[in-house]
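Student: Here it is, the structure, as structure tokens.
Number of protein chains: 2
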Amino acid sequence: MKQSLEHFLKHGHEFTLQGISIDNVIFGFHEGQLKVLLLQSIYKNMWMLPGGFVNKTEHIDEAASRILKERTGLSAIYLQQFYTFGQPERANNQILVKFLQGLNKNYDKDNWALQRFVSVGYYALVEFAKVNPQHPGEISTASSWHDLDKLPELLMDHNQIISKALEELRLKINNQPIGYNLLPKEFTMKSLQSIYETILGRKLDRANFNRKMLSYGILDRKEKQYSGGAHKAPYLYSFNKKKYFKALQSGLGRDF
Amino acid sequence: MKQSLEHFLKHGHEFTLQGISIDNVIFGFHEGQLKVLLLQSIYKNMWMLPGGFVNKTEHIDEAASRILKERTGLSAIYLQQFYTFGQPERANNQILVKFLQGLNKNYDKDNWALQRFVSVGYYALVEFAKVNPQHPGEISTASSWHDLDKLPELLMDHNQIISKALEELRLKINNQPIGYNLLPKEFTMKSLQSIYETILGRKLDRANFNRKMLSYGILDRKEKQYSGGAHKAPYLYSFNKKKYFKALQSGLGRDF
DNA sequence: TCTTATTGAGTCATTATGACACAATAATAG
DNA sequence: CTATTATTGTGTCATAATGACTCAATAAGA
Chain D
163 MKQSLEHFLK HGHEFTLQGI SIDNVIFGFH EGQLKVLLLQ SIYKNMWMLP GGFVNKTEHI
223 DEAASRILKE RTGLSAIYLQ QFYTFGQPER ANNQILVKFL QGLNKNYDKD NWALQRFVSV
283 GYYALVEFAK VNPQHPGEIS TASSWHDLDK LPELLMDHNQ IISKALEELR LKINNQPIGY
343 NLLPKEFTMK SLQSIYETIL GRKLDRANFN RKMLSYGILD RKEKQYSGGA HKAPYLYSFN
403 KKKYFKALQS GLGRDF
Chain Y
163 MKQSLEHFLK HGHEFTLQGI SIDNVIFGFH EGQLKVLLLQ SIYKNMWMLP GGFVNKTEHI
223 DEAASRILKE RTGLSAIYLQ QFYTFGQPER ANNQILVKFL QGLNKNYDKD NWALQRFVSV
283 GYYALVEFAK VNPQHPGEIS TASSWHDLDK LPELLMDHNQ IISKALEELR LKINNQPIGY
343 NLLPKEFTMK SLQSIYETIL GRKLDRANFN RKMLSYGILD RKEKQYSGGA HKAPYLYSFN
403 KKKYFKALQS GLGRDF
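So the protein sequences, as listed, match chains D and Y.
Counting in the numbering used here, the first sequence runs from 163 upward without gaps.
Counting in the numbering used here, the second sequence runs from 163 upward without gaps.
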């Protein structure tokens with residue numbers, strides 16, 4: 163595989179757009195927590211967002227989608243562009259520097275991939291259980307989920323990118339299929355509430371959340387199921403896709 | 163001036179980022195209508211958004227700001243990045259082709275400015291009366307305001323860019339200082355309502371709008387003033403800047 | 001002085017919200 | 001087999017917000 167990155171660094175400028183990159187913030191939900199998928203880089207073992215470049219004839223949305231698939235194995239996932247980061251300091255990717263140094267102490271300091279990049283940020287909402295985290299062995303050594311409230315210090319401006327992703331998600335919370343993509347087919351009201359609480363950054367009243375969510379008429383209630391807890395078993399719900407997406411067009415209710 | 167564009171097309175790649183452009187959607191409010199500032203291009207006299215390129219050491223926000231100033235004479239204006247447009251078809255700018263043809267029938271088809279561009283969209287909210295529309299004589303022949311509901315067919319994907327700007331403005335209407343930037347210091351409730359109606363795309367009840375807007379506690383009421391109409395004179399209001407921006411942090415009420 | 005368009009303010013029935021209360025119940029402890 | 005415990009489904013209730021109105025006040029022109 164090392165072969166391919168080396169080739170990419172030598173010839174990438176021939177088939178990818180220069181100066182543009184993609185960063186994906188991949189959200190998943192597990193054990194009551196909203197999580198982000200990160201890669202551990204070969205540079206100082208620091209964590210980073212999965213990202214990549216755009217092919218010359220590719221829509222930037224396609225590029226984001228392709229990169230997402232490479233990291234999660236998932237396709238046809240909810241992916242939303244949220245912001246573009248264009249500080250002039252976004253250059254000299256230390257991971258690539260390190261990689262190039264590994265190849266040759268006197269590496270090419272004018273390599274195309276070390277120039278300034280404007281990065282387009284996308285966030286993905288994925289179903290945790292369906293993801294099989296993968297990572298490109300050349301620049302990263304691991305891939306794993308991290309709790310949103312316990313993020314490590316990330317490379318470059320990646321902490322800022324995640325913050326912005328969450329902020330944009332919050333601003334559009336009533337116009338995006340939040341739970342639909344993060345939860346499995348059937349889920350409890352509690353887990354849906356947890357997602358809203360994390361995105362909004364505050365606790366919600368259980369009974370009121372229940373009432374409001376049901377009032378939208380977008381949920382179908384299933385039968386109760388074994389819950390594993392020493393308490394009353396909760397109902398399971400699933401989204402009524404048709405009603406949900408119809409309701410989203412005009413936006414759900416205001417806030418919780 | 164023709165000299166400078168020619169020089170720019172020859173040497174621009176030395177000091178601007180390649181493959182990135184900026185498009186500004188400049189909103190103004192006049193005579194009860196929300197308007198957009200457009201340039202008339204030398205290509206088929208078609209209208210287009212004011213746009214430009216990013217210098218190599220410049221933040222993309224600065225570039226947008228600089229371009230805005232070049233077209234309106236205004237600085238320190240509310241400017242918000244809203245979306246990045248990256249279809250692969252965004253190439254071969256016909257205006258520049260026409261300009262290059264004017265210089266030389268056998269113009270350089272590989273000129274850097276004819277390649278594919280990913281364009282970052284910004285919208286600006288400006289006070290109509292303070293704007294003195296300007297236009298660069300080399301690629302455009304005029305600059306003028308156009309009603310949002312009577313837009314001509316624009317170059318490239320510029321119609322789509324304006325639609326998206328309006329959509330994003332609508333989604334964030336409760337978190338942006340809408341009126342603050344579009345209206346003069348003192349304004350009537352009716353004009354503020356018109357802005358909301360245009361952005362939201364529907365009529366609002368006058369009395370209810372009044373009640374709700376006042377309930378936010380962000381407006382200071384001035385004395386009535388001569389209005390020129392054959393009817394009761396309306397009060398004038400101004401935004402209480404401090405209270406307004408404080409209220410915006412958590413977002414104003416949902417909808418009207 | 002009268003007419004007209006538009007404004008500021010108010011009413012009222014309906015719905016939404018926030019803050020609780022309480023009985024029901026699935027697993028576990030004894 | 002019963003008691004305990006945590007959590008759930010549902011209900012209440014005071015308060016606030018909303019949508020659809022009404023109506024007197026008034027600035028300018030007829």
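C-beta atoms are modelled at their ideal positions from N, C-alpha and C, and glycine is treated no differently.
1) In chain order, what residues of the same chain have a beta carbon less than 8 Å from the beta carbon of Y/Phe177, not counting five sequence neighbours either side?
2) In angstroms, rounded to a whole number, what distance separates the CA positions of D/Lys172 and D/Asp270?
3) Once you ignore the five residues that flank D/Asn255 on each side, which residues in its own chain have a CB closer than 6 Å to its CB?
4) Quick one: which chain Y residues come within Cβ less than 9 Å of D/Arg278?
5) Are the CB atoms of Y/Leu317 and Y/Phe189 within a distance shorter than 9 Å?
6) Just by C-beta distance, which residues in the stretch 355-371 of chain Y are closer than 8 Å to chain D?
7) Which residues of the stretch 234-254 of chain Y have a Cβ closer than 8 Å to any Cβ of chain D? Give them in chain order.
8) Could you check whether the stretch 240-253 of chain Y touches the stretch 233-250 of chain D, counting it as contact only if at least three pairs of C-beta atoms, one from each stretch, sit closer than 8 Å?
9) Report buried or exposed for D/Leu381, applying the criterion of at least 16 other Cβ atoms within 10 angstroms of its Cβ.
10) Establish whether the CB of D/Val187 and some CB of chain Y are separated by less than 9 Å.
11) Compare the Cα-Cα distances from D/Ser325 to each of D/Pro298, D/Tyr284, D/Gly341 and D/Ser356 and report the closest residue.
12) Quickly, what does DSSP pair D/His308 with across the bridge? List them, please.
13) Along chain D, which residues have their Cβ under 8 Å away from the Cβ of Y/Val420?
14) Got a sec, what are the start and stop residues for the beta strand (DSSP E) Y/Thr178 sits in?
15) Check distances from the C-beta atoms of the stretch 337-357 of chain Y to those of chain D and list, in chain order, the residues that come in under 8 Å.
16) Is the shortest distance between the beta-carbon of D/Phe170 and the beta-carbons of chain Y less than 9 Å?
17) Helix, strand or coil: which one does DSSP assign to D/Thr350?
18) Mind pulling the chain Y residues with CB within less than 9 Å of D/Leu410?
19) Less than 9 Å between CB atoms is the rule here; does D/Lys334 satisfy it with respect to chain Y?
20) Taking the alpha-carbon of D/Lys231 as reference, which of D/Lys197, D/His221 and D/Val288 has the nearest alpha-carbon?
21) Residues in the same chain with beta-carbon distance under 7 Å from D/Asp417, minus the five sequence neighbours each way, listed in chain order, please.
22) Out of D/Ser237, D/Leu310 and D/Glu300, which one is the CA nearest neighbour of D/Val259?
23) Measuring only between beta-carbons, confirm whether D/Ile380 sits less than 9 Å from chain Y.
24) Hey, is the stretch 357-368 of chain D in contact with the stretch 400-415 of chain D, meaning 3+ C-beta pairs nearer than 8 Å?
25) Since Y/Thr246 sits in a beta bridge, which residues does DSSP pair it with?
26) Give me the Cα-Cα distance between D/Ile229 and D/Ala286, rounded to the nearest whole angstrom.
27) Which residue marks the beginning of the alpha helix (DSSP H) containing Y/Val288, and which one marks its end?
28) Please return the same chain residues whose Cβ sits closer than 6 Å to the Cβ of Y/Leu200, not counting the five positions on each side in sequence.
29) Starting from Y/Asp223, follow its DSSP beta bridges and name the residues at the other end.
30) Straight-line CA distance for D/Glu224 to Y/Pro295?
31) Taking the alpha-carbon positions, what's the Y/Phe407 to Y/Ser377 distance?
32) Within this structure, are the beta carbons of D/Pro298 and D/Leu179 separated by less than 9 Å?
33) Determine the contact status of D/Leu331 and D/Ile340, defining contact as a CB-CB distance below 9 Å.
34) Among D/Ile357, D/Arg383 and D/Thr303, which residue has its Cα nearest to the Cα of D/Glu439?
35) So, for D/Ala304: in the same chain, excluding its five sequence neighbours on each side, which residues have a beta-carbon less than 8 Å away from its beta-carbon?
36) Given this structure, state the Cα-to-Cα distance separating D/Leu414 from D/Leu262, to the nearest angstrom.
Tutor: Let me spell this out:
1) Excluding the 5 residues flanking it on each side, Y/Phe177 has same chain C-beta neighbours closer than 8 Å at Asn217 and Lys218, in chain order.
2) Rounded to the nearest angstrom, the two C-alpha atoms are 10 Å apart.
3) Contacts found: none.
4) What D/Arg278 touches in chain Y: Leu179, Lys218 and Thr219.
5) When the beta-carbon positions are compared, Y/Phe189 and Y/Leu317 stay at least 9 Å from each other.
6) Residues of the stretch 355-371 of chain Y with a C-beta atom less than 8 Å from some C-beta of chain D do not occur.
7) Correct list: Gln243, Tyr245, Thr246, Gly248, Gln249 and Pro250.
8) Here the stretch 240-253 of chain Y lies against the stretch 233-250 of chain D, with 3 or more beta-carbon pairs under 8 Å apart.
9) Answer is buried; the Cβ neighbour count reaches 16.
10) D/Val187 has a beta carbon lying at 9 Å or more from every beta carbon in chain Y.
11) Selected option, being the one with the closest Cα: D/Tyr284.
12) Paired residues: D/Val198.
13) Outside the shown range of chain Y, which is 163 to 418, sits residue 420 of chain Y, and nothing can be said about it.
14) Per DSSP, the unbroken beta strand (DSSP E) holding Y/Thr178 starts and ends at Thr178 to His192.
15) For the stretch 337-357 of chain Y, which is checked against every Cβ of chain D, the residues closer than 8 Å are Asn337.
16) For D/Phe170, the answer is no, since every Cβ of chain Y falls outside 9 Å of its Cβ.
17) It is coil, neither helix nor strand.
18) Within chain Y, no residue comes near D/Leu410; the closest Cβ sits about 12 Å away, beyond 9 Å.
19) D/Lys334 counts as touching chain Y.
20) Out of D/Lys197, D/His221 and D/Val288, the CA that lies nearest to the CA of D/Lys231 is found in D/Val288.
21) Residue confidence is low: D/Asp417 scores 45 on pLDDT, short of 50, so the model does not pin down where it sits. No coordinate-derived value is stated.
22) Answer by Cα proximity: D/Glu300.
23) Not flagged as an interface residue toward chain Y: D/Ile380, since no C-beta distance is shorter than 9 Å.
24) They do not touch, by the three-pair rule.
25) Paired residue(s): Y/Val282.
26) Going by the C-alpha atoms only, they are around 11 Å apart.
27) For Y/Val288, there is no enclosing alpha helix (DSSP H), as DSSP marks it with neither H nor E.
28) Trp209 and His308, listed in sequence order.
29) Paired residue(s): none; Y/Asp223 is not in a bridge.
30) Approximately 38 Å between the Cα atoms of the pair.
31) Cα-Cα distance, rounded: 15 Å.
32) Cβ distance not < 9 Å, so D/Pro298 and D/Leu179 don't count as in contact.
33) Yes, Cβ-Cβ distance for D/Leu331 and D/Ile340 is below 9 Å.
34) Residue 439 of chain D lies beyond the residue range present for chain D, which begins at 163 and ends at 418; the question has no answer from this structure.
35) Closer than 8 Å at the Cβ level, and outside the excluded window around D/Ala304, lie Leu201, Gln202 and His297.
36) Rounded to the nearest angstrom, the two C-alpha atoms are 50 Å apart.
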